[in-house]
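Beneath this line is the structure, given in structure tokens, with notes to follow.
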Amino acid sequence: MAKSLDHVCILVKDIDQAIEHYTNILSVTAPQVLEQKMEKQESLAGEDRYLT
1 MAKSLDHVCI LVKDIDQAIE HYTNILSVTA PQVLEQKMEK QESLAGEDRY
51 LT
């Protein structure tokens, strides 16, 4: 079973909804992963806005 999750990269329309879905999945499959701090960062590339 996973003890840590260092990086996940996926393209989604709604980052908050995706985080909620993955939190629900991980709460069942690997609850210890949720003990790690989760961060969102905003970046701009020209007129495009990115959340990571």
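Under UniProt numbering, the first residue of the sequence shown is numbered 1, with each subsequent residue one higher.
Note that the Cβ used here is the ideal one computed from N, Cα and C, for glycine as well.
6 Å Cβ shell around residue i - same chain, five flanking residues per side excluded
i, result
"residue 51", "15, 40, 42"
"residue 49", "none"
For residue i, the residue or residues it bridges with in DSSP
i, result
"residue 51", "42"
Chain-order list of residues whose beta-carbon lies under 7 Å from that of residue i (same chain, five-residue window excluded)
i, result
"residue 23", "34"
Own chain, CB closer than 8 Å to residue i, minus 5 neighbours either side, in chain order
i, result
"residue 44", "50"
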